[in-house]
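*Asks:*
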Amino acid sequence: MTTEQTAILRLRDVAKGFVIHLQGGLAIPVVANVSFEVRAGECVVLGGPSGIGKSSILKMVYGNYRIDRGEALVADGGEVVDIASAMPRRLIGLRRTTIGYVSQFLRAIPRVSARDIVAEPAMAQGMGEVEARAKAGELLARLNLPERLWSLPPATFSGGEQQRVNIARGFIAEHPLLLLDEPTASLDAVNRAVVVGLIADKKAAGTAILGIFHDEDVRERVADRIVDVSGFAAHGEAAA
Amino acid sequence: MSDQPLLVAEDLAKYFGARVGCREVGFELYEGEVLAVVGESGSGKSTLLRLLSGQSEPTRGRVMYRMRDGVTRDIVSLSEAERRFLFRTDWGFVHQDAAAGLRMGVSAGGNVGERLMAVGWRHYGKIRSEAETWLERVEIDPARIDEAPKVFSGGMRQRLQIARNLVTSPRLMFMDEPTGGLDVSVQARLLDLLRRLVADMGLAVVVVTHDLAVARLLSHRIMVMKEGRVIETGLTDQVLDDPREPYTQLLVSSILQV
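Protein sequences appear in the order of chains A and B. Residue 303 in our numbering sits at position 146 of the first sequence, with consecutive numbering throughout. Residue 208 in our numbering sits at position 144 of the second sequence, with consecutive numbering throughout.
This is the structure:
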């Protein structure tokens with residue numbers, strides 16, 4: 158089997174809904190029968206209008222949202238792990254070694270500098286502090302974040318600056334699977350192009366990427382395949 | 065680090081007469097893991113903390129702890145002397161009220177050094193220099209080493225309590241509302257400090273809090289308690305972002321957004 162054919166992520170009949178108990182147990186179905194796979198070195202883009210459940214799919218794969226039904230199988234070295242049933246401790250390990258995630262918004266930690274936030278996932282994978290901080294600096298420079306900001310906690314940064322910190326944090330480590338939730342949403346054309354380049358580098362290194370990109374130009378440049386999430390609409394299906 | 069859990073709670077229950085303190089609580093905690101126990105006052109979280117730390121005996125179930133020699137022991141079976149030694153060396157306990165965890169009239173250096181003496185340190189100069197190192201690590205000016213915590217601010221007292229606990233390199237820390245009663249800016253500083261120290265030292269932590277923001281920042285996993293029982297458990301961000309139980313949804317939706 159060549160690298161290109163290895164499925165890193167395989168979803169089978171995944172379904173998700175929310176039950177809002179504060180509104181009398183209101184059931185909100187999100188998606189059903191979600192089935193697709195992402196192979197090493199390819200970028201699969203989730204398509205479809207907003208509110209259709211694209212972010213929810215990424216969050217389920219990351220273990221952030223629970224999966225009601227179906228399987229989300231992730232290749233972890235020689236093992237295959239089902240995210241839907243993995244124990245929390247296993248999920249924590251997978252996030253360190255196997256699954257990277259760039260969320261839409263940076264969750265800033267009080268008093269931690271931008272550079273240290275970026276370096277942290279690389280250090281968690283065993284890179285030394287000096288090397289990790291150097292690599293963090295390279296990524297932040299590539300994303301055109303002014304060096305005077307590197308030592309500051311990003312809580313007061315602009316949306317675009319925070320997003321670039323978040324992107325650098327997601328790209329610094331070596332995760333075989335990378336989830337990207339609109340990483341270019343608040344970036345200018347120059348930085349959008351930088352992100353396109355970063356994605357190309359990851360693909361060349363064999364990373365499987367699953368992403369959401371509203372920007373059509375970016376989508377066309379990075380996507381190998383588009384999976385239309387409208388096809389997985391959960392028509393009135395009760396959530397579990 | 066071992067593949068075996070450090071602390072195991074098996075079907076724990078505590079009754080006070082007919083009243084339920086907590087029941088049917090079971091979990092495993094590994095080195096480097098931070099577990100937050102959240103719930104409102106009276107949910108049983110403080111009762112659980114006392115059972116886990118051997119300060120009260122369970123009505124049913126048991127607490128198993130893997131000692132430094134690799135032998136797993138039932139906490140209840142330990143002699144009083146063994147339990148006290150564990151508390152002075154391998155365990156830490158951070159109380160909400162720093163006065164409960166410190167000797168308020170003894171100098172800061174004495175508060176930290178006392179734990180070192182309990183594990184056999186005798187050389188005054190070494191104890192003092194280790195105490196200075198720890199004051200610095202918790203961001204207290206070492207020049208204040210001879211002052212007693214009664215003249216310290218609330219945030220400083222809490223940081224001193226942490227230094228006193230960590231100086232013997234424990235493997236397990238219990239924390240009871242560690243940021244309760246502190247100003248918000250003081251809380252943020254303390255939380256950041258705790259987060260760093262816990263990660264650097266690879267500590268296992270059970271932190272009881274009613275503050276979901278504290279749980280979000282410090283913990284990997286969360287247990288939600290209500291009326292003495294664990295009603296929901298999972299990865300911290302999963303429970304907070306996709307809460308399933310009505311009570312957890314109520315807790316999460318009650319957080320004020322800023």
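In this text, a Cβ means the ideal position worked out from N, Cα and C, and glycines have one as well.
#1: Report the three-state DSSP secondary structure of R221 (chain B) (helix, strand or coil).
#2: By the three-class DSSP mapping on this structure, what secondary structure does E236 (chain A) have?
#3: Bridge partners for M128 (chain B) per DSSP, in chain order?
#4: Could you check which residue in A:R252, A:S242, A:G294 and A:E331 has the C-alpha nearest to that of G363 (chain A)?
#5: With a cut-off of 8 Å on the beta carbons, I'd call L115 (chain B) and L71 (chain B) a contact; round off their distance for me.
#6: Based on Cα-Cα distance, which residue from B:D305, B:E291 and B:V202 lies nearest to R285 (chain B)?
#7: Less than 8 Å between the C-beta atoms of L246 (chain B) and G266 (chain B), yes or no?
#8: Please return the same chain residues whose Cβ sits closer than 7 Å to the Cβ of R259 (chain B), not counting the five positions on each side in sequence.
#9: Take R83 (chain B) and list the residues in its own chain whose beta-carbon comes closer than 6 Å to its own, dropping the five residues that flank it on each side.
#10: Report the residue ranges of all alpha helix (DSSP H) runs contained in full by the stretch 251-337 of chain A; include only those spanning at least 4 residues, in chain order.
#11: Which runs of the alpha helix (DSSP H) spanning at least 4 residues fall entirely within the stretch 235-316 of chain B, listed in chain order?
#12: Taking only beta-carbon atoms, is N323 (chain A) less than 8 Å away from chain B?
#13: Taking only beta-carbon atoms, is R130 (chain B) less than 8 Å away from chain A?
#14: How about A232 (chain A) and A342 (chain A): are their beta carbons less than 8 Å apart?
#15: Is the separation between the beta-carbon of L166 (chain A) and that of V191 (chain A) shorter than 8 Å?
#16: Check each candidate in B:S66, B:L93, B:Q302 and B:G81 and name the one with the smallest Cα separation from V270 (chain B).
#17: Near S212 (chain A), which residues of its chain fall below 6 Å by C-beta distance, leaving aside the five closest residues on each side in sequence?
#18: Identify the contact partners of H274 (chain B) in chain A, using a Cβ-Cβ distance below 9 Å as the criterion.
#19: Taking DSSP as the reference, what is the three-state secondary structure of A212 (chain B)?
#20: Is W155 (chain B) helix, strand or coil when you go by DSSP?
#21: List the residues of chain A that G298 (chain B) touches, going by C-beta distances under 7 Å, in chain order.
#22: Does the contact criterion of 3 or more C-beta pairs under 8 Å hold for the stretch 252-264 of chain A versus the stretch 287-294 of chain A?
#23: Among the residues of its own chain, which have a CB less than 7 Å from the CB of N348 (chain A), if the five just before and after it don't count?
#24: List the DSSP bridge partners of I177 (chain A).
#25: I want to know whether the stretch 142-157 of chain B touches the stretch 216-236 of chain B - three or more CB-CB distances under 8 Å.
#26: Going by beta-carbon coordinates alone, are I329 (chain A) and A276 (chain A) separated by less than 8 Å?
#27: In whole angstroms, what is the alpha-carbon distance linking R132 (chain B) and R147 (chain B)?
#28: So which residues of chain B does G316 (chain A) contact, with C-beta pairs closer than 7 Å?
#29: Check the DSSP bridge columns for D385 (chain A) and list the partner residues they point to.
#30: Report the rounded CA-to-CA distance for D374 (chain A) versus S387 (chain A), giving the unit in angstroms.
#31: R308 (chain B) versus chain A: which residues are under 8 Å apart at the beta carbon?
#32: Looking only at C-alpha atoms, which of A:P278, A:I383, A:R326 and A:H371 sits nearest to L355 (chain A)?
#33: Taking the C-alpha atoms as reference points, what is the distance between I366 (chain A) and Y258 (chain A)?
#34: For the candidate residues B:G292, B:I319, B:T297 and B:L166, whose alpha-carbon lies nearest to that of G106 (chain B)?
#35: Compare the beta carbon distance of G368 (chain A) and V202 (chain A) with 8 Å and say whether it is the shorter of the two.
#36: At the 8 Å Cβ level, is A252 (chain B) part of the contact set with chain A, yes or no?
*Replies:* The short version:
#1: Here residue 221 (chain B) refers to the residue found at position 157 of the second sequence. The answer is helix: DSSP assigns R221 (chain B) an H, G or I state.
#2: Walking along the first sequence from the start, residue 236 (chain A) turns up at place 79. Strand, per DSSP.
#3: For the purposes of this step, residue 128 (chain B) is taken as the residue at position 64 of the second sequence. B:V72 and B:D138.
#4: Taking the first sequence and counting its residues from 1, one reaches residue 363 (chain A) at position 206. The shortest C-alpha separation from G363 (chain A) is found at A:E331.
#5: Position 51 of the second sequence, counted from the first residue, corresponds to residue 115 (chain B). Position 7 of the second sequence, counted from the first residue, corresponds to residue 71 (chain B). With 8 Å as the limit, L115 (chain B) and L71 (chain B) do not qualify as a contact, their Cβ atoms being about 11 Å apart.
#6: Here residue 285 (chain B) refers to the residue found at position 221 when the second sequence is read from its first residue. Ranking B:D305, B:E291 and B:V202 by Cα distance to R285 (chain B) puts B:D305 first.
#7: Reading the second sequence from its first residue, position 182 is the one you call residue 246 (chain B). Reading the second sequence from its first residue, position 202 is the one you call residue 266 (chain B). Judged by their CB atoms, L246 (chain B) and G266 (chain B) are not nearer to each other than the 8 Å cut-off.
#8: To locate residue 259 (chain B), count along the second sequence from 1; it is residue 195. Excluding the 5 residues flanking it on each side, R259 (chain B) has same chain C-beta neighbours closer than 7 Å at L281 and L282, in chain order.
#9: Locating residue 83 (chain B) in the second sequence gives position 19, where the first residue counts as 1. Result list for R83 (chain B): empty, nothing under 6 Å.
#10: Listed in chain order, they are 271-281, 286-299 and 316-328.
#11: As far as the stretch 235-316 of chain B is concerned, its whole alpha helix (DSSP H) runs of at least 4 residues are 248-265, 276-282 and 300-305.
#12: For this step, residue 323 (chain A) is matched to residue 166 along the first sequence. Taking Cβ atoms only, chain B never reaches closer than 8 Å to N323 (chain A), which makes this a no.
#13: Residue numbering aside, residue 130 (chain B) sits at position 66 when the second sequence is read from its first letter. Interface with chain A (8 Å Cβ-Cβ cutoff): R130 (chain B) is excluded.
#14: Locating residue 232 (chain A) in the first sequence gives position 75, counting from the first residue. Locating residue 342 (chain A) in the first sequence gives position 185, counting from the first residue. In this structure, the beta-carbon distance from A232 (chain A) to A342 (chain A) does not fall below 8 Å.
#15: On the first sequence, position 9 is the one that residue 166 (chain A) refers to. On the first sequence, position 34 is the one that residue 191 (chain A) refers to. Their beta carbons are not under 8 Å apart, which means L166 (chain A) does not touch V191 (chain A) by this criterion.
#16: As a position in the second sequence, residue 270 (chain B) is number 206, starting the count at 1. Out of B:S66, B:L93, B:Q302 and B:G81, the CA that lies nearest to the CA of V270 (chain B) is found in B:L93.
#17: Here residue 212 (chain A) refers to the residue found at position 55 of the first sequence. D338.
#18: Against the second sequence, residue 274 (chain B) aligns to sequence position 210. None at all; the shortest Cβ gap to chain A is about 19 Å.
#19: Residue numbering aside, residue 212 (chain B) sits at position 148 when the second sequence is read from its first letter. Looking at A212 (chain B) - three-state DSSP - the assignment turns out to be coil, as it is neither helix nor strand.
#20: Mapped onto the second sequence, residue 155 (chain B) falls at position 91. Note: W155 (chain B) maps to strand in three-state DSSP.
#21: Within the second sequence, residue 298 (chain B) is the residue found at index 234, counting from 1. The answer, in chain order, is P245.
#22: Short answer: they don't touch.
#23: Taking the first residue of the first sequence as 1, we reach residue 348 (chain A) at position 191. Residues L300, N301 and R321 of the same chain have their beta carbon placed closer than 7 Å to that of N348 (chain A), with the five preceding and five following residues left out of the count.
#24: The sequence position of residue 177 (chain A) within the first sequence is 20, counting from 1. Beta-bridge annotation (DSSP): I177 (chain A) is paired with A:L183.
#25: Touching, yes.
#26: Here residue 329 (chain A) is taken as the residue at index 172 of the first sequence, counted from 1. Here residue 276 (chain A) is taken as the residue at index 119 of the first sequence, counted from 1. For I329 (chain A) and A276 (chain A), yes; Cβs fall inside 8 Å.
#27: For the purposes of this step, residue 132 (chain B) is taken as the residue at position 68 of the second sequence. For the purposes of this step, residue 147 (chain B) is taken as the residue at position 83 of the second sequence. Distance between the alpha carbons of R132 (chain B) and R147 (chain B) is about 13 Å.
#28: Residue mapping note: residue 316 (chain A) aligns to position 159 of the first sequence, counting from 1. By Cβ distance, chain B contributes nothing, its closest Cβ being about 17 Å from G316 (chain A), past 7 Å.
#29: Residue numbering aside, residue 385 (chain A) sits at position 228 when the first sequence is read from its first letter. Beta-bridge pairing by DSSP links D385 (chain A) to A:G204.
#30: Taking the first sequence and counting its residues from 1, the one referred to as residue 374 (chain A) is at position 217. Taking the first sequence and counting its residues from 1, the one referred to as residue 387 (chain A) is at position 230. If I take the Cα positions, the gap works out to 21 Å.
#31: Indexing the second sequence from 1 puts residue 308 (chain B) at position 244. Under the 8 Å cutoff, chain A gives V176 and R223.
#32: Mapped onto the first sequence, residue 355 (chain A) falls at position 198. With distances taken between Cα atoms, L355 (chain A) lies closest to A:R326.
#33: Looking up residue 366 (chain A) in the first sequence gives position 209. Looking up residue 258 (chain A) in the first sequence gives position 101. One C-alpha to the other measures close to 10 Å.
#34: Against the second sequence, residue 106 (chain B) aligns to sequence position 42. For the residues B:G292, B:I319, B:T297 and B:L166, the minimum Cα distance to G106 (chain B) belongs to B:G292.
#35: Position 211 of the first sequence holds residue 368 (chain A). Position 45 of the first sequence holds residue 202 (chain A). Against a cut-off of 8 Å, the Cβ pair of V202 (chain A) and G368 (chain A) comes out as a contact.
#36: Your numbering for residue 252 (chain B) matches position 188 in the second sequence. For A252 (chain B), the answer is yes, since a Cβ of chain A falls inside 8 Å of its Cβ.
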